[in-house]
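There are 2 protein chains.
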Amino acid sequence: MATKTRPKAQRDRHQEILEAAAQVITDRGLTETRIQDIAERCGVSPGLILYYFGSKDRLLVEALTYANDQSFLRTSRELRRMPSAAERMDHLIRGSVPGMLPEFELLDEWALWLEIWVRALRDPQMAKEHEMLDRRWVQSIAEVIRYGRQTGEFPADGHDADDLAMQIGAMVDGLAIQVLLNDTVMTPQRMYDICVEVAERLIGYDAGAAR
Amino acid sequence: MATKTRPKAQRDRHQEILEAAAQVITDRGLTETRIQDIAERCGVSPGLILYYFGSKDRLLVEALTYANDQSFLRTSRELRRMPSAAERMDHLIRGSVPGMLPEFELLDEWALWLEIWVRALRDPQMAKEHEMLDRRWVQSIAEVIRYGRQTGEFPADGHDADDLAMQIGAMVDGLAIQVLLNDTVMTPQRMYDICVEVAERLIGYDAGAAR
DNA sequence: GACTGGCCTGAACGACGGGTCAGGATCGCT
DNA sequence: AGCGATCCTGACCCGTCGTTCAGGCCAGTC
Chain A
185 MATKTRPKAQ RDRHQEILEA AAQVITDRGL TETRIQDIAE RCGVSPGLIL
235 YYFGSKDRLL VEALTYANDQ SFLRTSRELR RMPSAAERMD HLIRGSVPGM
285 LPEFELLDEW ALWLEIWVRA LRDPQMAKEH EMLDRRWVQS IAEVIRYGRQ
335 TGEFPADGHD ADDLAMQIGA MVDGLAIQVL LNDTVMTPQR MYDICVEVAE
385 RLIGYDAGAA R
Chain B
185 MATKTRPKAQ RDRHQEILEA AAQVITDRGL TETRIQDIAE RCGVSPGLIL
235 YYFGSKDRLL VEALTYANDQ SFLRTSRELR RMPSAAERMD HLIRGSVPGM
285 LPEFELLDEW ALWLEIWVRA LRDPQMAKEH EMLDRRWVQS IAEVIRYGRQ
335 TGEFPADGHD ADDLAMQIGA MVDGLAIQVL LNDTVMTPQR MYDICVEVAE
385 RLIGYDAGAA R
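This is the structure in structure tokens:
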């Protein structure tokens, strides 16, 4: 809403602030994020932040979902460009491993996921957003599975695609935590290998060709 | 009002405070936990909390590890009493499903795990503690596997027990999050079923007998 | 009974940070 | 140019904690 008379400028600021906020949260954590930090990062006064978002809480929730939106949309675009389902699955997996794709730092969007989870435990608004964000990701795994079955790459007689997607999603979450917090034992490469192996077994295909 | 005949040779205040702190954290979340809340819960002045723990941060970290210690020790005791490895594995799984065992609320110790993870991302002290806590749990899964192989309940020709334990641990983490945050789609019962099924397949045994 | 030392309180301090506001700058339009 | 809406600032207010501190209470000891 808003954006009536001057859609361009307002939208830019809005987005600018969300990006800055996501950056700061990634950097310092949700609880250590001050309005002042966000203001500084986009060279603006603290008052303006509140002018746009009304309250800190609203901004934080929006920033968390915004950041997730961004990576989801980017990933979706990238997936669409890949012809084979095995390639798509591989890309999904790579993108899920903390610090594996070059464009991400070690403390990447996974740090934001953790913050989302904790907040969703007690903030109904965040819980609602989380449900949407989560379903969306699981959904794209399921879609890749269905796509592969449609093209004949994956065997069509497996379990329900949504169930498989949920299991893969859960495993990815669990492994990502291990990588994030314990990267001596569980390295990104190892997580990747496990994910590929499990996906191959659950879906019943050979990922070798995609890599 | 205060100090009615110092009861018992200083019943352990230290422990009392830790328990209260863990309760409050579970209840309100780490960031919403105030020293005042903890003090009230054990009928004591805020000053005393600092008298014992020096700073809020120290108390919080200690409380998180304390709570985890408690459930770990309890679980260990319970495991030792069970003769069969399949029973032990089943018990481990049940204890890992949020809200499955009757003695836990829906927002149980998993809420504390989430807090530990987030804090461990940026607090080296907490990261160190987490590594210990995590390894300990994975270790007990591995031990059950080895125990079952020793008694002949489980086939002895499977993968490395530590690797299997880590995979099971990761899956449990991921599923627990789903249950905690999305209990319409992923119910405790469903998580339990999945865990049992995966454990059976990974380890190669039949859990039917244990239930 | 006086002393000592561990527990404990309650008031107060001080910093920090979210939110408010009055006004200034800027833009688009007539 | 004149005007109103929008954008933006910087100072300020104010509640909320963590933390400190001076001292009180209570055992056990000499």
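Chains A and B are the protein sequences, given in the same order. Using our numbering, you'd call the opening residue of the first sequence number 185 and step up by one each time. Using our numbering, you'd call the opening residue of the second sequence number 185 and step up by one each time. All residues carry an ideal CB built from backbone N, CA and C; glycine is no exception. A quick note: this is a predicted structure, and the numbers were derived from the prediction, not measured.
query: Are residue 354 (chain A) and residue 330 (chain A) closer than 8 Å when you measure CB to CB?
result: By one-based count along the first sequence, residue 354 (chain A) stands at place 170. By one-based count along the first sequence, residue 330 (chain A) stands at place 146. No, the pair does not count as a contact, with Cβ atoms beyond the cut-off.
Minimum C-alpha distance to residue 237 (chain A) - residue among A:197, A:258 and A:267: Along the first sequence, one-based indexing puts residue 237 (chain A) at 53. With distances taken between Cα atoms, residue 237 (chain A) lies closest to A:197.
query: Listing by chain order, which chain B residues have their CB less than 8 Å from the CB of residue 315 (chain A)?
result: Reading the first sequence from its first residue, position 131 is the one you call residue 315 (chain A). Within chain B, the residues near residue 315 (chain A) are 365 and 366.
task: Report the residue from B:278, B:314, B:273 and B:230 whose alpha carbon sits nearest the alpha carbon of residue 348 (chain B).
output: In the second sequence, residue 348 (chain B) corresponds to position 164, counting from 1. Minimum Cα distance to residue 348 (chain B) is reached at B:273.
field: Distance CB(residue 338 (chain B))-CB(residue 389 (chain B)) smaller than 8 Å
entry: Along the second sequence, read from residue 1 onward, the residue named residue 338 (chain B) stands at position 154. Along the second sequence, read from residue 1 onward, the residue named residue 389 (chain B) stands at position 205. Cβ atoms of residue 338 (chain B) and residue 389 (chain B): closer than 8 Å.
task: Kindly say whether residue 299 (chain A), judged by its beta-carbon, lies nearer than 8 Å to any beta-carbon of chain B.
output: As a position in the first sequence, residue 299 (chain A) is number 115, starting the count at 1. Cβ-Cβ to chain B under 8 Å: yes for residue 299 (chain A).
- prompt: What in chain B is Cβ-close to residue 362 (chain A), meaning under 7 Å?
  reply: Numbered from 1 along the first sequence, position 178 holds the residue referred to as residue 362 (chain A). Under the 7 Å cutoff, chain B gives 354.
- prompt: chain A beta carbons: is any one of them nearer than 8 Å to that of residue 302 (chain B)?
  reply: What you label residue 302 (chain B) is simply residue 118 of the second sequence in a count that begins at 1. At least one chain A Cβ lies under 8 Å of residue 302 (chain B).
message: Give me, in chain order, the residues of the same chain whose beta-carbon lies closer than 8 Å to that of residue 293 (chain B); leave out the 5 immediate sequence neighbours on both sides.
response: Along the second sequence, one-based indexing puts residue 293 (chain B) at 109. Within the same chain, residue 293 (chain B) has close Cβ partners 210, 251, 252 and 255.
Boundaries of the alpha helix (DSSP H) in which residue 256 (chain A) is found, first to last residue: As a first step, residue 256 (chain A) is located in the first sequence; it is residue number 72 there, counting from the start. That run of the alpha helix (DSSP H) goes 240-265.
message: Is residue 316 (chain A) a contact residue of the ligand ZN, with contact defined as CB to any heavy atom under 7 Å?
response: In the structure shown, the ligand ZN is absent, as is every other ligand, since no ligand is present at all.
query: Under a three-way DSSP split, which group does residue 340 (chain A) fall into?
result: What you label residue 340 (chain A) is simply residue 156 of the first sequence in a count that begins at 1. Coil at residue 340 (chain A), not helix or strand.
task: Helix, strand or coil for residue 193 (chain B), going by three-state DSSP, please let me know.
output: Locating residue 193 (chain B) in the second sequence gives position 9, where the first residue counts as 1. Interpretation of residue 193 (chain B) is limited by its pLDDT of 36, a score under 50 that renders its predicted location unreliable; the figure taken from the coordinates is listed afterwards. Residue 193 (chain B): coil per DSSP, three-state reduction.
field: Listed by chain order, chain B residues near residue 215 (chain A) by CB distance under 7 Å
entry: As a first step, residue 215 (chain A) is located in the first sequence; it is residue number 31 there, counting from the start. Those are 215, listed as they occur along chain B.
message: Relative to the C-alpha of residue 246 (chain A), which candidate in A:371, A:370 and A:313 has its C-alpha closest?
response: For this step, residue 246 (chain A) is matched to residue 62 along the first sequence. For residue 246 (chain A), the nearest C-alpha among the options comes from A:313.
- prompt: Can you tell me whether residue 249 (chain A) is buried or exposed, with buried defined as 16 or more other CB within 10 angstroms of its CB?
  reply: Residue numbering aside, residue 249 (chain A) sits at position 65 when the first sequence is read from its first letter. Per the 10 Å Cβ criterion, buried.
- prompt: Cα separation between residue 214 (chain A) and residue 268 (chain B)?
  reply: Residue 214 (chain A) sits at position 30 when you count from the first residue of the first sequence. Residue 268 (chain B) sits at position 84 when you count from the first residue of the second sequence. Going from the Cα of residue 214 (chain A) to the Cα of residue 268 (chain B) covers about 45 Å.
message: Cβ closer than 7 Å: which chain B residues qualify as neighbours of residue 351 (chain A)?
response: Working through the first sequence from its first residue, we reach residue 351 (chain A) at position 167. Correct list: 378.
query: Are there 16 or more other CB atoms within 10 angstroms of the CB of residue 188 (chain B), so buried, or fewer, so exposed?
result: Residue numbering aside, residue 188 (chain B) sits at position 4 when the second sequence is read from its first letter. Only weak support exists for where residue 188 (chain B) lies, its pLDDT of 33 falling under 50; the value from the coordinates is given anyway. Looking at its Cβ environment, which holds fewer than 16 other Cβ atoms inside 10 Å, residue 188 (chain B) is exposed.
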